[in-house]
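Worksheet: the structure to be examined is printed underneath.
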Amino acid sequence: MKLHLNSPVKNLIKTSIKITGSKSESNRILLLQALYPNVSIENTSNSDDAQVMQKGLKISHGEVDIHHAGTAMRFLTAYFATQEGKEVILTGSQRMTERPIGVLVDALKSLGAEISYVKNEGFPPLKIIGKKITQQKVSLPADISSQYISALLLNASSLENGLEIELVGKVTSVPYIKMTLALLSQLNIENSFEGNTIKVLPKKEVAAKTLVVESDWSSASYFYSICALAEIGSEIILSAYKENSLQGDSVLATIYKSFGVETTFEGHTILLKKVANHQNELLEVDLANAPDIAQTIAVTCFGLGMECYLTGLHTLKIKETDRLEALKIELSKLGSNISVTDKTLTLNVTSTPLSHRKDIAIDTYNDHRMAMAFAPLALITSIFINDAEVVSKSYPDFWNDMKSVGINVKM
Numbered sequence: 058m059k060l061h062l063n064s065p066v067k068n069l070i071k072t073s074i075k076i077t078g079s080k081s082e083s084n085r086i087l088l089l090q091a092l093y094p095n096v097s098i099e100n101t102s103n104s105d106d107a108q109v110m111q112k113g114l115k116i117s118h119g120e121v122d123i124h125h126a127g128t129a130m131r132f133l134t135a136y137f138a139t140q141e142g143k144e145v146i147l148t149g150s151q152r153m154t155e156r157p158i159g160v161l162v163d164a165l166k167s168l169g170a171e172i173s174y175v176k177n178e179g180f181p182p183l184k185i186i187g188k189k190i191t192q193q194k195v196s197l198p199a200d201i202s203s204q205y206i207s208a209l210l211l212n213a214s215s216l217e218n219g220l221e222i223e224l225v226g227k228v229t230s231v232p233y234i235k236m237t238l239a240l241l242s243q244l245n246i247e248n249s250f251e252g253n254t255i256k257v258l259p260k261k262e263v264a265a266k267t268l269v270v271e272s273d274w275s276s277a278s279y280f281y282s283i284c285a286l287a288e289i290g291s292e293i294i295l296s297a298y299k300e301n302s303l304q305g306d307s308v309l310a311t312i313y314k315s316f317g318v319e320t321t322f323e324g325h326t327i328l329l330k331k332v333a334n335h336q337n338e339l340l341e342v343d344l345a346n347a348p349d350i351a352q353t354i355a356v357t358c359f360g361l362g363m364e365c366y367l368t369g370l371h372t373l374k375i376k377e378t379d380r381l382e383a384l385k386i387e388l389s390k391l392g393s394n395i396s397v398t399d400k401t402l403t404l405n406v407t408s409t410p411l412s413h414r415k416d417i418a419i420d421t422y423n424d425h426r427m428a429m430a431f432a433p434l435a436l437i438t439s440i441f442i443n444d445a446e447v448v449s450k451s452y453p454d455f456w457n458d459m460k461s462v463g464i465n466v467k468m
C-alpha cells in the first residue's frame, strides 16, 4: 500500500488522540500472565507484535511464527526454554532470521536449557525443548539489547531457584530493565538491581491482580514531531499516560522542549503545546536509553532545519532494518546532509528548503518506525510512504489518527 500525504489547510492543530497500550508493557505482562494465569490485563496493545505474542504463548508443541516481532522472539525464546514439556520451532520473517540471538541462547544454555539452531548458528529459527532450570547464575554483556535481559528476568521467578544476572560492562537501556522489574514488583515478586547485579527470587503463585497497560510513548513521539513542525499555539491531547512512566521513551517530554513543545500532565492525559520556535541550532542527545525515538527526532530536526548529533544508537543496526542506514538513504532523498556510524547520527543544515521538494517516495524497509517517523513531514511538503501498512506492527490506527490531525492521507 502506497500512501500520498499532503499538509492540512492550516498548520494550527487542535486535536485529541487515544493511543493503544504500550507494545513493550503489553508483551511483558502477557508473558507474566502465561506464568501466573490469575493476572488480568487492561488496555493491551492492538499491535501485530502483541497479537503474535498472545498467539505464541498458547502453543506448546510445533511451530511458533512471530513474523517481524523481535520482542516476541526474545521473550518467547526464554519462555519456551524454561517451560518443562514444551517443544517448539520458534521462527519468524526473513528479516528475523537475520537478527542475532546468540547472546540470549548462550545465556540460556549456560543455565541448562536445550536449544539448537535449525539453520544458521546464532540466528533463528530455533528448536527449543523446555527443561526444568535449577541453575541460578548467568553473565551477560551489559551493552546488549535490554530485551535479552528482560527475557531472562520475566521468566526468572518461575525458575526453581530464581535467577541472578551479572551484567559485564556499562549497562544501556536501563529504563526497559527497570520497567520489567517494576512489573515484577507489582506482582510482589521480589527483585533487586544493585550495581551490575540483578536478582529475582522464585515465586510459584501470585495474588490475583489486574495490570493496566500505559499507552505507548514511542507512538506518542510522532505527535510530538507533528506539534514541533506545526504553528505556535498548536495543541494535541494524548491519552492514556502516567507522569511517572515505566517507559524510557517518556524522555520525549524533556527532549522536545528544545523544539518549543511543552508537555502538561492532566490526569491520564498529556497536553502537547507548541509554545515557541526552536531556539538551538544544534540538538545533541544520547539515546542509549531510548533508541526507538531516534528516527522521530532525526526527522523532526530535518523538518525544522536544525542540526543534530545523536549518540547511543548501537542497537539500531539489528532492528527491523538497519535503521541508521535506512535514515541516511531516505533523508538524503529529501536533500539532507547526513552521516552515520555504527552508533551515531549527524545531521547538518542544508541550503535547499524541504518545501521545495515535492512527492518524494519514502521506503519503509519493513520497519513501522520508518513509516511513522517520516509522516509528520507532510506538514511541510507532500510525500509518498511506500508499504504504509507496516505500521500495524505497533500502531494499526496510525493513518486514521494522522487524518484526525488534519494530514491528508490518500491511496
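Heads up, the sequence shown stops at 468 in the numbering used here, and the numbers go up one at a time, no gaps. Idealized CB from N, CA, C, for every residue including glycine. Given the structure is predicted, the values throughout are model-derived calculations rather than measurements.
Within 8 Å, strictly: CB atoms of residue i and residue j
{"i": "Asn337", "j": "Ser307", "result": "no"}
{"i": "Ser296", "j": "His325", "result": "yes"}
{"i": "Ile442", "j": "Ile419", "result": "yes"}
{"i": "Thr191", "j": "Gly159", "result": "no"}
{"i": "Leu114", "j": "Leu211", "result": "no"}
{"i": "Asp424", "j": "Glu387", "result": "no"}
{"i": "Lys71", "j": "Glu292", "result": "yes"}
{"i": "Ala285", "j": "Thr357", "result": "yes"}
{"i": "Gln204", "j": "Glu221", "result": "no"}
{"i": "Leu216", "j": "Thr139", "result": "yes"}
{"i": "Ile327", "j": "Thr321", "result": "yes"}
{"i": "Lys256", "j": "Ile246", "result": "no"}
{"i": "Leu224", "j": "Leu197", "result": "yes"}
{"i": "Asn405", "j": "Ala265", "result": "no"}
{"i": "Ala135", "j": "Ala208", "result": "yes"}
{"i": "Ile464", "j": "Ala435", "result": "yes"}
{"i": "Ala355", "j": "Leu339", "result": "no"}
{"i": "Leu244", "j": "Tyr93", "result": "yes"}
{"i": "Phe359", "j": "Ser393", "result": "yes"}
6 Å Cβ shell around residue i - same chain, five flanking residues per side excluded
{"i": "Ala239", "result": "Leu303"}
{"i": "Ala126", "result": "Asp106 and Val109"}
{"i": "Gly369", "result": "Asp343, Leu344 and Ala345"}
{"i": "Val121", "result": "Gly113, Val145 and Leu147"}
{"i": "Ala333", "result": "Gly317"}
{"i": "Tyr422", "result": "Thr378 and Ala383"}
{"i": "Ala445", "result": "Met58, Leu60 and Ala428"}
{"i": "Lys189", "result": "Glu141"}
N- and C-terminal bounds of the alpha helix (DSSP H) containing residue i
{"i": "Gly159", "result": "Gly159 to Ser167"}
{"i": "Leu240", "result": "Val231 to Gln243"}
{"i": "Leu114", "result": "Asp105 to Leu114"}
{"i": "Ser282", "result": "Trp274 to Leu286"}
{"i": "Asn248", "result": "Unbroken run through Asn248 is the beta strand (DSSP E), Asn248 to Glu251; no alpha helix (DSSP H)."}
{"i": "Met153", "result": "Unbroken run through Met153: none, as it is neither H nor E."}
{"i": "Gly127", "result": "Gly127 to Ala138"}
{"i": "Ile354", "result": "Ala351 to Leu361"}
Boundaries of the beta strand (DSSP E) in which residue i is found, first to last residue
{"i": "Gly119", "result": "His118 to Asp122"}
{"i": "Thr254", "result": "Thr254 to Val257"}
{"i": "Ser173", "result": "Glu171 to Tyr174"}
{"i": "Ile146", "result": "Glu144 to Thr148"}
Those residues which DSSP pairs with residue i across a bridge
{"i": "Asp343", "result": "Thr368"}
{"i": "His61", "result": "Phe441 and Lys467"}
{"i": "Lys75", "result": "Ser296"}
{"i": "Leu89", "result": "Answer is none; Leu89 lacks a bridge partner."}
{"i": "Leu268", "result": "Ile98"}
Same chain, Cβ closer than 8 Å to residue i, five either side skipped, listed in chain order
{"i": "Val270", "result": "Gly78, Ser79, Glu82, Ser83, Ile86, Ile98, Glu99, Asn100, Thr101 and Ser102"}
{"i": "Ser202", "result": "Arg131, Ser230, Thr372 and Ile375"}
{"i": "Gly179", "result": "Pro157, Ile158, Gly159 and Val162"}
{"i": "Leu69", "result": "Ala287, Glu288, Gly290 and Ser291"}
{"i": "Lys176", "result": "Thr154 and Pro182"}
{"i": "Asn150", "result": "It should be pointed out that residue 150 corresponds to Ser in this sequence rather than to Asn. For Ser150, where only same-chain residues beyond five positions count, the Cβ hits under 8 Å are His124, His125 and Asn423."}
{"i": "His335", "result": "Ala285, Ser315, Phe316, Gly317, Leu361 and Met363"}
Closer than 8 Å to chain D by CB, residue i
{"i": "Val318", "result": "In the displayed structure, chain D is absent; only one protein chain is listed."}
Sequence-distant residues of its chain with Cβ nearer than 7 Å to residue i (five each side left out)
{"i": "Asp399", "result": "His371 and Lys374"}
{"i": "Thr438", "result": "Leu411, Ser412, Arg414 and Lys415"}
{"i": "Ala129", "result": "Asn84, Asp106, Val109, Met110, Gly113 and Ile123"}
{"i": "Gln352", "result": "Arg380, Leu384, Arg426, Met427 and Ala430"}
{"i": "Asp349", "result": "Ser275, Asp306 and Arg426"}
{"i": "Phe280", "result": "Ile74, Ile293, Leu295 and Leu329"}
Any non-hydrogen atom of the ligand NAP within 7 Å of residue i CB
{"i": "Leu404", "result": "Looking for the ligand NAP in the displayed structure turns up nothing, as the structure carries no ligands at all."}
Mind pulling the alpha helix (DSSP H) runs of 4 or more residues that sit fully within the segment 391-457? 425-431
Please give me, in chain order, every unbroken run of the alpha helix (DSSP H) with length at least 4 that falls completely inside the segment 175-228. Counting only runs of 4+ residues, the alpha helix (DSSP H) found wholly inside the segment 175-228 occupies 203-213, in chain order.
Quick check on the DSSP output: what are the complete beta strand (DSSP E) runs of length 3 or more inside the segment 312-341, in order along the chain? List check, beta strand (DSSP E) in window: 318-323 and 326-331.
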